[in-house]
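Chains L and E supply the protein sequences, listed in that same order. Residue numbers for the first sequence follow the numbering used here, so the first one is 1 and each next one is one higher. Residue numbers for the second sequence follow the numbering used here, so the first one is 168 and each next one is one higher. Glycine is no exception: its CB is placed at the ideal position from the N, C-alpha and C atoms.
There are 2 protein chains.
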Amino acid sequence: MLQLKDLPNAEILSKFAERYPDADIHKVLQFLTVLRIGSDLSLMLDNFLAGYGLLQGRWWVLILLMREADLTTTPSILASKAGVSRATMTGLLDGLEREGLVSRVTDKRDRRRLAIQLTTAGQAKLDQVMPDYYQRVNALMDSLSSAEAEELIQSLKSLHSQQTVFE
Amino acid sequence: MLQLKDLPNAEILSKFAERYPDADIHKVLQFLTVLRIGSDLSLMLDNFLAGYGLLQGRWWVLILLMREADLTTTPSILASKAGVSRATMTGLLDGLEREGLVSRVTDKRDRRRLAIQLTTAGQAKLDQVMPDYYQRVNALMDSLSSAEAEELIQSLKSLHSQQTVFE
DNA sequence: TTGACATTGTTAGCTAGCTAACTATAATGA
DNA sequence: TCATTATAGTTAGCTAGCTAACAATGTCAA
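Structural data, given as structure tokens:
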């Protein structure tokens with residue numbers, strides 16, 4: 001969504017400016033550019049992962065599992081660390097279990113809980129994709145100097161911290 | 168997805184670095200920060216629009232329609248300008264039509280085509296939301312100086328232009 | 001003119017996000 | 001102890017993205 005290829009022309013601008021005098025076209029375009037490039041980069045990552053038969057959500061769950069010392073944790077903790085709802089995590093785990101990349105193990109001490117475990121196949125999948133991923137991230141970020149990258153992150157964090165104006 | 172609250176600690180970093188020596192943790196974190204803040208800002212916009220009973224995809228269609236001189240265009244053109252597939256546009260228009268914000272009119276000269284028209288209710292909905300939207304965008308972007316904002320956009324465009332490294 | 005090709009919009013089926021509601025289980029306090 | 005409350009995971013139903021396939025319609029060249 002939010003295609004920036006379709007920039008408004010002078011006629012359109014005057015129409016909107018007349019109806020909505022508070023509009024600051026530069027700021028709006030900058031804001032939309034941030035949104036659009038974020039979503040394009042995310043789509044690019046999706047396409048890259050698709051080449052390995054993975055999807056962004058599922059791939060991220062595998063990484064979170066690999067971070068655990070025993071390659072195991074619970075759906076709730078995964079949901080919290082991934083920043084999604086428990087319901088969404090259920091769906092992600094369904095897909096990963098179907099593909100044999102994780103397994104669900106019941107917890108006998110607390111029968112509400114499940115242990116989610118990274119399988120050998122899951123670890124092997126990460127070993128396929130991660131070296132390629134890291135190389136490409138390096139190549140992508142090399143288009144900015146380290147000072148530029150740092151300023152980019154700082155500016156994004158400034159915007160992020162101002163989210164309250166939208167509430 | 169892609170929660171950055173859960174930053175890797177030293178133990179995790181060494182585990183990943185050992186297994187994947189190409190990983191440059193600073194670059195990876197910067198990359199993920201761009202993705203995450205983009206998605207957070209998009210979510211923020213969703214929440215804002217929800218207060219007016221709107222959703223981002225549908226709202227954007229209304230704006231594209233308002234840009235047209237006669238408030239009318241076709242689903243294909245909308246899909247192209249919004250940067251989504253025709254199938255996705257069908258779904259967005261279904262929702263908007265159900266709410267009475269747009270109407271579908273058959274084209275008698277080319278019976279494959281539909282004319283999508285912004286209704287009075289659709290224009291009224293935009294008139295409710297847009298002034299508030301523009302004020303909030305202004306407030307958000309005021310957290311950056313105009314020079315900072317310009318550098319931010321330039322850096323994002325640099326990244327965007329390097330997307331090919333992920334193909 | 002007609003057969004091949006292109007275009008338009010829709011449908012079906014997938015992923016992935018959400019909230020709300022539900023079941024099962026555990027924990028706690030009167 | 002037992003009633004209440006809290007927690008874990010799932011399900012249902014919504015939005016919104018995608019691709020692939022399809023029917024209806026136009027277009028165009030042989």
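Against chain L: residues of the segment 226 to 253 of chain E by CB proximity under 7 Å: Trp227, Arg234, Lys248, Ala249, Gly250, Val251
Indicate whether Ile179/E and Arg67/L have their beta-carbon atoms separated by less than 8 Å. Taking the second sequence and counting its residues from 1, one reaches residue 179/E at position 12. Taking the first sequence and counting its residues from 1, one reaches residue 67/L at position 67. Result yes, Cβ atoms of Ile179/E and Arg67/L sit closer than 8 Å.
Is Leu101/L closer than 8 Å to Lys125/L when the C-beta atoms are compared? What you label residue 125/L is simply residue 125 of the first sequence in a count that begins at 1. What you label residue 101/L is simply residue 101 of the first sequence in a count that begins at 1. Against a cut-off of 8 Å, the Cβ pair of Leu101/L and Lys125/L comes out as a contact.
Rounded distance between the beta-carbons of Phe198/E and Val61/L, thought under 8 Å: As a first step, residue 61/L must be located in the first sequence, where it is residue number 61. As a first step, residue 198/E must be located in the second sequence, where it is residue number 31. Actually they are not in contact, since the Cβ atoms of Val61/L and Phe198/E sit about 18 Å apart, beyond 8 Å.
Restricting to Cα atoms, I'd like to know which of Leu311/E, Gln329/E, Val296/E is closest to Gln223/E. Start at 1 with the first residue of the second sequence, and residue 223/E comes out as number 56. When the alpha-carbon of Gln223/E is set against those of Leu311/E, Gln329/E, Val296/E, the nearest one is in Val296/E.
Taking buried to mean at least 16 other C-beta atoms within 10 Å of its own C-beta, is Ile192/E buried or exposed? Counting from one through the second sequence, the residue named residue 192/E turns up at place 25. When all chains shown are included, Ile192/E counts as exposed.
Which of the three DSSP states, helix, strand or coil, is assigned to Val201/E? Working through the second sequence from its first residue, we reach residue 201/E at position 34. Val201/E: helix per DSSP, three-state reduction.
Does the beta carbon of Tyr20/L come closer than 8 Å to any beta carbon on chain E? On the first sequence, position 20 is the one that residue 20/L refers to. True, the Cβ-Cβ gap to chain E drops below 8 Å.
Does the beta carbon of Tyr134/L sit closer than 8 Å to a beta carbon anywhere in chain E? Against the first sequence, residue 134/L aligns to sequence position 134. For Tyr134/L, the answer is yes, since a Cβ of chain E falls inside 8 Å of its Cβ.
Tell me whether Leu172/L sits in a helix, a strand or coil according to DSSP, three-state version. A question about residue 172/L goes unanswered here, because the residues of chain L that appear run from 1 up to 167.
Applying the criterion that 16 or more other CB atoms from any shown protein chain within 10 Å of the CB defines a buried residue, is Arg36/L buried or exposed? Against the first sequence, residue 36/L aligns to sequence position 36. Classification for Arg36/L: buried.
Measure the alpha-carbon distance for Val28/L versus Ile153/L and round it to whole angstroms. Here residue 28/L is taken as the residue at index 28 of the first sequence, counted from 1. Here residue 153/L is taken as the residue at index 153 of the first sequence, counted from 1. Separation of Val28/L and Ile153/L (C-alpha to C-alpha, rounded to the nearest whole angstrom) is 20 Å.
CB-CB under 8 Å to Gln290/E, same chain, minus the five flanking residues each way: which ones, in chain order? Position 123 of the second sequence, counted from the first residue, corresponds to residue 290/E. Counting only Cβ-Cβ distances below 8 Å, and skipping sequence neighbours, we find Met233, Leu238.
According to DSSP, which residues form a beta bridge with Gln98/L? Reading the first sequence from its first residue, position 98 is the one you call residue 98/L. The sequence shown places Arg at residue 98/L, not Gln. DSSP lists no partner for Arg98/L.
Closer than 8 Å to chain E by CB, Leu159/L: If you number the first sequence from 1, residue 159/L lands on position 159. Between Leu159/L and chain E, the shortest Cβ-Cβ separation is below 8 Å.
Going along the chain, which residues of the segment 261 to 278 of chain E sit with their C-beta nearer than 9 Å to a C-beta in chain L? none
Residues near Ala316/E in its chain [Cβ-Cβ closer than 7 Å; skip 5 each side]: For the purposes of this step, residue 316/E is identified with residue 149 of the second sequence, where counting begins at 1. These residues qualify, in order along the chain: Met308.
Tell me whether Leu71/L sits in a helix, a strand or coil according to DSSP, three-state version. The count along the first sequence starts at 1 and reaches residue 71/L at position 71. If DSSP states are grouped into helix, strand and coil, Leu71/L belongs with coil.
So what's Arg19/L in DSSP terms, helix, strand or just coil? In the first sequence, residue 19/L corresponds to position 19, counting from 1. Shown here, Arg19/L sits in a helix according to DSSP, grouped into three states.
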